[in-house]
Every structure is written in C-alpha cells, then in structure tokens.
Amino acid sequence: MMNEHFPMLTMGGLNEYIKGRKGYSSILQVLDVRLIKAKEAENTSSDKRYRLILSDGRNFFSSCVLGADMIDLVKNDILKNNSVIRVNQVDVCNAGVKGDRVILIIRDVTVVLSDCEKIGDPVQLDNHDSIQRTAISLNIPKIQCFSTVSKSGLAKKNSNGEWQADDKNSIEVVLEKPKINANEMCNINVLDPFRTEWMIKARVVNKSYIREYSNMNRSGKVFNVGLVDSSGEIRAVGFDHLAERFYATLEIEKTYYISNASVVPGKQNFNSFTHMYQILLRSDTTIDLCGRENDEVHADIVFNFIPIKEITHRTCNTVCDVVAVISSIDACKTYYNKYKRKYCVKRDLMIIDEDASIMLTLWEHQAESFDNTIRSIIGIKGAKICDFHGISKMMKGIKDIAADEFCNRSDYLRSFMKIIVLKNAYFIGRSLSAIDSTIIRFDLPCTDRIIKLETLRKSIFPSSNVSCLTTTSQIDWSIVTIDQVIATEPDTMKHKNTQYFYIKGYCSVIEQDHAIYMGCSVDKCRKKLDDLGNGFFFCRKCRVRQEAFKWAYSLSCCIVDHTGELNVCMFGSAAESLLEISPDVFHQYKEDSKTTNFEEIIMRGAAKNQIFNISSKVVEYHMEILDESQKCEKRSPSCLNSPGEIIDEKDNNNLEISHNWISVKYCRSKLKKMRICSNFDNEVSSEADEESSISGDEEYSAFETSSNDAFQGSSVSTQTSADVSTVATQTPWTIYLEQKSNTNYVAMDDSDKILSNIDTFHKLYNNDSLDNHIVESDPAYICDDQLYEFLNKTGK
DNA sequence: CCCCCCCC
1 MMNEHFPMLT MGGLNEYIKG RKGYSSILQV LDVRLIKAKE AENTSSDKRY RLILSDGRNF
61 FSSCVLGADM IDLVKNDILK NNSVIRVNQV DVCNAGVKGD RVILIIRDVT VVLSDCEKIG
121 DPVQLDNHDS IQRTAISLNI PKIQCFSTVS KSGLAKKNSN GEWQADDKNS IEVVLEKPKI
181 NANEMCNINV LDPFRTEWMI KARVVNKSYI REYSNMNRSG KVFNVGLVDS SGEIRAVGFD
241 HLAERFYATL EIEKTYYISN ASVVPGKQNF NSFTHMYQIL LRSDTTIDLC GRENDEVHAD
301 IVFNFIPIKE ITHRTCNTVC DVVAVISSID ACKTYYNKYK RKYCVKRDLM IIDEDASIML
361 TLWEHQAESF DNTIRSIIGI KGAKICDFHG ISKMMKGIKD IAADEFCNRS DYLRSFMKII
421 VLKNAYFIGR SLSAIDSTII RFDLPCTDRI IKLETLRKSI FPSSNVSCLT TTSQIDWSIV
481 TIDQVIATEP DTMKHKNTQY FYIKGYCSVI EQDHAIYMGC SVDKCRKKLD DLGNGFFFCR
541 KCRVRQEAFK WAYSLSCCIV DHTGELNVCM FGSAAESLLE ISPDVFHQYK EDSKTTNFEE
601 IIMRGAAKNQ IFNISSKVVE YHMEILDESQ KCEKRSPSCL NSPGEIIDEK DNNNLEISHN
661 WISVKYCRSK LKKMRICSNF DNEVSSEADE ESSISGDEEY SAFETSSNDA FQGSSVSTQT
721 SADVSTVATQ TPWTIYLEQK SNTNYVAMDD SDKILSNIDT FHKLYNNDSL DNHIVESDPA
781 YICDDQLYEF LNKTGK
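Heads up, the first sequence stops at 796 in full-length UniProt numbering, and the numbers go up one at a time, no gaps.
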C-alpha cells in the first residue's frame with residue numbers, strides 16, 4: 001500500500017555501477033549517511049566527507065562516498081537517511097590491498113525526496129565478488145584509491161598521528177589505524193568466507209583454555225575466544241603454536257583490531273556464538289590491542305534465553321542459552337575417560353527456573369575453577385543439549401506434564417522445600433553440557449526475566465541461611481528398589497550392557513578387611529599395584545615401577561532397602577563420601593586399636609540413608625563372567641556451600657514448613673537414649689548385641705548415642721526380613737517400626753525424660769538433609785513417620 | 001585441523 005506513494009527505485013542499479021557502467025542514471029535511496037572521520041587539523045567544511053549506504057530497493061551497497069561537491073546537501077540536511085536521490089554521475093574506484101574492492105564515488109546527485117521511509121528490504125551487495133570485479137574499469141587515478149593512500153607512501157601523518165592523503169583530489173580517507181593494514185574495517189556480522197580484506201574491531205568476551213586433543217588423524221592444541229562488536233559475535237579459534245601465541249595475546253574484556261584471518265565454517269553444535277562462521281587465526285593474523293582512547297566497543301554478548309522446559313523440544317546436540325537459579329553444586333568428580341585415556345574432571349550443577357530444572361555439566365578447568373554459590377542467578381550462553389540416559393526413557397509420557405505430576409507426587413513429601421524442588425524437578429531427560437566456548441555469567445543486567453528469576457530465587461530460598469536440599473541426582477525420581485535391580489540381572493548378563501540405577505537405602509554391611517588397597521601413586525591413577533616383593537610395586541596401567549603407593553578404597557558393601565539386598569563395590573570418591581574420611585585416615589584408624597574411631601566410621605557410614613547410584617555390568621574376573629554391580633557412588637543430598645546451617649525461628653515460619661515429619665538423624669543427634677520398636681511385619685527379626693534388649697513381645701530395643709553423635713555400642717540390627725543378612729555392628733538408624741495400636745513408643749533423653757519439645761524439631765530439616773528421604777509409601781522410611789507420630793503425641 | 005567422547 002505504502003509503496004504506491006514511494007518513488008520507484010532503480011532495482012539492480014547499484015550492480016550496474018559496480019560492474020563499471022558509466023553514464024548511467026538511477027534512482028537510489030540513502031540508507032545511511034556517515035561522516036568519514038575528519039582531520040582535526042583542517043576543520044573546514046571542504047574536508048568533510050560522507051560515506052553513504054545506497055539502496056536500489058533490491059540491494060544495498062555500503063562502500064559509497066559522496067563527492068566533495070555534494071556535501072552541502074548533507075550539511076543542509078537535504079540529503080539524509082532515507083532520502084531518495086537520482087544519481088547522475090558515479091566514479092568507480094578500486095580499493096583494498098589487491099585492488100579487488102569497489103568504491104563508488106557519487107559525483108553528482110539530485111535529491112528527489114528528502115524525507116522518506118525505507119523502501120523495501122534490500123540485501124547487502126558483496127563487495128568482493130570476482131565476477132563483479134572483472135568488468136571494473138579503473139577510471140580514476142590510483143591515488144584516489146583507499147589502498148593507495150596508505151600503501152603508496154603518498155600518505156603522511158598529520159600532527160595528530162593520523163594518516164591523511166596529501167593529494168587534494170584524492171579521496172580523503174583516514175584509516176583509524178593504517179599501520180595495521182589497509183583492510184576495510186567492517187562489522188563482525190558481515191564477515192563471511194568470501195570477504196578477504198577485512199579488519200574488525202572486537203572485544204574478547206570469553207577465552208577458553210588451551211586444550212590438547214588427539215584423534216585418529218592428528219593431535220595438537222586448540223583454544224578459542226569469543227569476539228563481539230556492536231553488530232554481532234563470532235568465535236575465533238587457534239591451533240597449536242597459534243593457540244599458544246594468541247592465547248597469550250588476547251585478554252578477556254579487551255578490544256583488538258583483528259585482520260588477516262580466515263573466516264571458515266564450523267560445526268554449529270560446538271559453537272556457542274550465533275555467527276554462522278568462525279574466525280580461524282593464521283600465522284599472519286594481525287591482532288593489535290585497541291588503545292583505551294579508541295576503545296568504544298562496549299558491545300557485549302547477547303543472550304537468547306529460553307525457558308528450561310523449552311529444551312525438551314530442541315534438537316539434541318544443539319546449543320542454547322539459559323538463565324536460571326543454581327539450586328545445587330556437586331563437587332568435582334574425577335573419572336577415567338576411556339577415549340582420552342586419562343583422568344578428567346567434571347562438575348554437575350543443578351539449575352532451576354519457573355518450570356523445570358536441569359543439570360548443567362562443566363568439564364575440566366571450567367569445573368575446577370567454578371566458585372560460585374547456590375542461589376546465584378546464572379546466565380549460560382551456548383551450552384550443548386545432551387540426552388540423558390536416553391531421552392525416550394525419561395520422556396515417556398511425562399514431558400511437560402511432569403511438573404504437575406510432581407506436585408501430586410509431592411503430596412506425601414513433608415518438606416516445603418522438597419515440594420518446591422520437586423515441583424521444578426528434573427524431568428526432561430536431558431542435560432546441558434558446557435563446551436569450550438560456553439559462556440557463564442553471573443553479573444547479568446537487570447532485565448524483566450532476571451527480576452522474575454529473582455522472585456523465584458527468593459521463593460525457593462526464602463532464607464539466605466537455607467541450604468539446598470537437592471543435588472543433581474536426588475531429584476531424579478527414577479529410584480528403583482533392589483528387587484527391581486536384581487530382576488534386571490539376567491538381561492544384563494545376556495546383553496552385557498551396563499545399567500544404571502538409583503537405590504534408596506543404606507549399607508548394612510561394610511566389609512572392613514579389604515576396604516583399602518595399595519594403589520598406584522601416579523597422579524589420578526588408583527590402579528591396584530602388583531607387589532614385586534622387592535620393595536617395589538608395579539602399576540600395569542601406567543606401566544610404572546614405584547616404591548610409593550597411595551591407599552585407595554575398594555569397599556565391599558551390602559546395600560539394603562525394604563525389598564532386598566545388593567552387594568556392591570565402592571571405589572574412590574563413592575567410598576570416601578560414604579565413610580567421610582580419606583583412605584589414608586581410614587588406614588590410620590584401622591591400625592589404631594586405642595580408639596574406637598574405626599568402628600565409629602564404619603557405623604556412621606552404614607547408618608546413613610542415602611541414594612546410591614549403581615552401575616551394573618558384566619565384568620570378566622578370574623576367567624569367570626560375573627554380574628557385578630560396582631562403581632557405587634554416594635548420591636546423597638549434600639550441599640557444598642552452606643552445609644548444616646540452621647535456619648532461625650523467623651525463617652522457619654516463612655517456610656510454612658510442615659511439622660509432621662522428623663528424621664532419624666535428628667533423633668540421633670538429639671536423643672541420648674531411645675526406645676523404639678524394631679520389628680516389622682510383626683515378626684521380630686531384629687538382633688541386638690548385649691547392650692540392646694529385644695525380648696519377645698516387648699519388641700523394642702534400646703540403644704544410645706554417644707555424646708559426640710556417633711552412637712557406640714548400638715548394635716541393634718533392624719532389618720525386617722530374614723533374607724537380609726545383617727551385621728550387628730553396622731546397624732543403621734533406619735528402624736522399621738511395628739504398627740501396633742497398643743505398642744508404646746517412647747523416646748527419652750539421657751535422663752530418661754520423655755522428649756517433648758516438639759518445636760525444636762522444626763529446625764532440623766535443614767542441617768539434616770542426609771536422612772530426609774521420607775516417602776510414606778516406602779516402608780524403608782516409615783520409621784520417620786512413626787517416630788514423628790509418636791513424638792508428636794508425646795510432645796503434646 | 002577441535003568437534004564431545006567422558007559423567008549420569
């Protein structure tokens with residue numbers, strides 16, 4: 001409609017000029033008028049020159065200069081942005097080092113329409129196409145070429161140190177930094193592989209570390225930086241010695257002039273930046289620091305945040321930007337990377353927004369150097385979307401409704417905190433993985449989205465003292481029972497695959513005799529050493545003979561839940577987090593017969609209710625094929641940042657925390673003596689040592705905690721069915737209570753006074769997260785309910 | 001020329 005009132009532009013007219021056609025008149029639109037940097041020394045109007053972006057409606061061309069005679073049109077505000085002009089005379093000149101760039105000098109124009117709107121949607125005409133170049137006739141002296149100004153020696157420096165041409169008739173272009181080269185300054189967003197002579201002025205927004213790689217074809221080093229200007233962003237990459245060189249050169253937050261580099265395609269799923277190409281740094285690449293006086297590049301990366309739930313619909317292995325609240329931070333974990341054949345480090349974060357939460361995995365240096373805290377709002381640019389345990393499995397039937405389901409599921413979860421967390425539970429069967437160019441920011445500008453997240457943050461963490469109750473795995477709800485694990489064993493044997501499970505339970509047996517072994521002392525290797533018998537050991541993995549060794553865990557444990565038991569091995573960090581001491585200390589305690597440290601450690605380890613991460617696979621061992629469930633890792637909710645904090649009364653009220661639950665661990669910490677029934681299914685299978693008493697229908701046993709919270713001599717075995725073999729010394733506090741109406745449950749403190757101050761229980765949930773897996777329908781945890789009930793009764 | 005595996 002509007003176009004009817006616009007003058008017709010000469011479509012294709014620009015190309016005619018570029019091809020060298022003379023005596024050709026056209027109607028064009030001025031998209032932009034920009035003053036070419038003037039020389040301060042000669043501040044007269046005749047020295048001013050204007051660069052135009054001209055459009056013929058179909059294309060626009062940005063390398064146009066308004067002839068000196070025409071500049072009054074601009075000065076008098078007749079020729080301006082969006083003006084429509086008739087171009088009467090044009091000179092075409094070549095520029096660029098190789099003379100392969102074209103500049104149109106608009107010698108004579110008539111302004112047809114001073115004020116107008118932008119017509120059409122023209123696309124940029126490339127200024128480097130060889131086909132276009134062939135027809136160009138050099139109809140003006142070389143002296144007028146941009147490149148000549150700086151290359152021919154005819155240019156000279158003025159008193160300001162700027163370059164200028166000394167020929168009055170030449171096009172007076174002052175390159176900002178001609179000492180670098182004559183490449184044309186351009187915006188990042190116009191870079192492409194066909195544009196050869198360019199220079200960008202860009203700020204470094206991120207810088208990876210130099211990563212060593214090796215694959216089938218080659219090995220080497222690589223690093224990358226992110227570059228931004230006001231127009232866009234691009235990833236630059238350098239290899240091998242160039243990686244070393246430019247890693248040293250480029251610093252984050254600084255602005256550089258960069259030229260003589262290649263613009264090449266790169267796989268988009270490894271590129272956190274939106275540019276469809278990336279810059280390949282070459283040996284002749286010039287990178288010059290932009291002095292602060294010229295550093296007007298304040299552009300920053302642009303986030304294109306998507307809600308976490310949106311990740312469900314994204315293609316796997318693509319990158320996305322997410323802003324969220326950090327709800328948990330796991331410790332760094334070391335794992336053996338089969339492909340790299342070395343030990344590597346990862347760290348999982350859980351991040352959460354209004355709808356969902358998802359795991360973000362950091363690798364290597366980014367994992368190790370991560371030092372932010374939970375509750376922070378994190379902005380992530382360009383993290384890779386990964387399937388997690390196979391998306392199909394997790395996606396099955398849940399997708400977006402999962403959040404609601406969790407609301408329902410969480411009815412029985414007693415903690416307000418838990419409800420919040422589960423409502424935003426991990427449900428999409430995917431994770432985010434940081435790649436080399438992923439940017440993580442915490443100082444985000446205060447946008448609407450950030451404000452919303454801030455609200456969320458406060459609702460999740462109402463008190464600054466409240467620590468997080470979840471870890472990455474705790475809110476993975478696919479916890480199975482041990483009988484389910486056992487049921488998969490034939491399948492595992494048959495297909496020799498590896499299966500992963502989460503089990504809620506505790507260790508009933510910790511094998512003490514072979515809990516530690518002498519491991520290889522080579523960094524991060526823990527391979528069991530062969531004793532050569534001559535004071536030396538040999539590591540078959542590292543192939544190193546050594547005198548030294550490191551103690552390492554190989555804990556054989558029996559994990560039980562209400563459905564059965566499972567023998568597992570725990571190595572390394574899994575064992576260490578279970579026992580909470582290093583293998584060295586373990587060895588010391590074990591050797592030390594004067595204290596009971598060792599026994600306490602074992603008991604404490606067994607007493608913890610936790611979520612175990614189990615991998616089950618077939619391994620060949622002593623020529624036999626066994627189904628081995630190993631690599632068991634502790635997956636208990638723990639908070640790295642503010643463990644064990646206790647919220648005060650005020651915050652407690654704000655939490656509206658449900659008062660109807662209590663954890664065993666709390667009891668353990670508060671009660672010196674308790675009497676509880678330790679039977680289940682009306683069949684006493686409990687055992688007790690001489691300090692406990694269980695007698696027939698009395699069905700209770702007593703045990704004590706020591707003053708330091710480790711309970712000594714409390715060897716009540718509380719397993720409920722006969723097929724669970726238990727070891728008395730590892731009795732956990734998870735007790736199955738009999739539900740008999742006439743049974744008296746009594747809890748007493750050490751003076752045999754019945755514990756009654758129910759209010760004190762409200763404080764427990766936070767510093768006590770280890771044991772708070774209370775699921776009503778799960779008999780393994782019924783003890784807590786029962787305890788609560790009885791305490792509640794006795795308390796009131 | 002990396003490139004994504006690893007981890008769950």
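From the three backbone atoms N, C-alpha and C, an ideal C-beta is built for every residue, glycine too.
Proximity below 9 Å, CB of residue i to CB of residue j
i: S376; j: V325; result: yes
i: S556; j: Y517; result: no
i: N59; j: L113; result: no
i: L579; j: I602; result: yes
i: C525; j: G519; result: yes
i: A367; j: C332; result: yes
i: G379; j: D330; result: no
i: I503; j: V480; result: yes
i: Y506; j: I559; result: yes
i: A68; j: R51; result: no
i: N271; j: V204; result: no
i: I482; j: G564; result: yes
i: C542; j: D530; result: no
As assigned by DSSP and simplified to three states, the class of residue i
i: G605; result: helix
i: G23; result: coil
i: N189; result: helix
i: M70; result: helix
i: I374; result: coil
i: Y17; result: helix
i: D387; result: strand
i: K80; result: coil
i: A574; result: helix
i: A552; result: strand
i: P307; result: coil
i: L456; result: helix
i: T286; result: strand
i: V585; result: helix
i: F442; result: coil
i: V302; result: coil
i: F538; result: strand
i: L9; result: coil
i: R292; result: helix
i: H514; result: coil
i: K594; result: coil
Cut-off 6 Å between Cβ atoms - residues of its own chain near residue i, not counting five sequence neighbours on either side
i: Y24; result: E16
i: K221; result: I210, E212, D240 and A243
i: L360; result: L349, I351 and L432
i: residue 797; result: For residue 797 there is no data in the structure shown, the boundaries of the chain being 1 and 796.
i: A299; result: V228, D229 and S230
Per-residue burial, residue i [other beta carbons within 10 Å of its own, 16 or more giving buried]
i: S459; result: exposed
i: M8; result: exposed
i: D561; result: buried
i: T595; result: exposed
i: G342; result: The sequence shown places Lys at residue 342, not Gly. Exposed, by the Cβ-count rule.
i: N206; result: buried
i: T255; result: buried
i: E117; result: exposed
i: Y257; result: buried
Spatial neighbours of residue i in its chain, beta-carbon cut-off 7 Å, leaving aside the 5 residues before and after
i: F273; result: G226, E233, I234, R235, G382 and S437
i: residue 797; result: Coverage of the chain is limited to positions 1 through 796, which leaves residue 797 absent and any answer about it impossible.
i: K201; result: M185, D229, T255, Y257, C290 and V297
Other residues of its chain near residue i: CB distance less than 8 Å, five sequence neighbours each side excluded
i: L79; result: V30, V33, L66, M70, L73, I85, V109, V111 and S114
i: C316; result: I385, C386, D387, I391 and R430
i: G13; result: Y24, S26, I27, L28, D56 and V87
i: K452; result: E354
Check: residue i C-beta below 8 Å from any heavy atom of the ligand FMN
i: K221; result: The ligand FMN is absent from the structure shown, which contains no ligands of any kind.
Are the segment 303-321 and the segment 286-293 touching by the rule of at least three beta carbon pairs closer than 8 Å? Between the segment 303-321 and the segment 286-293 there are fewer than three inter-stretch CB-CB distances shorter than 8 Å, so the stretches are not counted as touching.
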